[in-house]
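For the sequence shown, this note's numbering begins at 30 and goes up steadily by one.
Glycine included, C-beta positions come from ideal geometry on N, C-alpha and C.
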Amino acid sequence: HTLEEVGQQFSVTRDRIRQIEAKAIAKLRSPRIATEALDN
């Protein structure tokens, strides 16, 4: 999916999707949070 398609699906702008994506990737890069996510 493109950012635009995802944005339409959730009724938000593609810019907002980009922000959410960047935040999620940053969280995955954090060793502690990534480990917790994998453990669940």
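* To do: Provide the residue span of the alpha helix (DSSP H) that contains V35, from first to last.
  => V35 -> alpha helix (DSSP H) spans L32 to F39.
* State the Cα-Cα distance for the pair G36 and A66, rounded to the nearest angstrom. => Cα to Cα, the separation comes out at about 24 Å.
* Look at the Cβ atom of L32, then the Cβ atom of R47, and state whether they are nearer than 8 Å. => In this structure, L32 sits near R47, with a CB-CB distance shorter than 8 Å.
* Asked: When you compare only the Cα positions, how much space is there between E34 and D68?
  -> The C-alpha of E34 lies about 31 Å from the C-alpha of D68.
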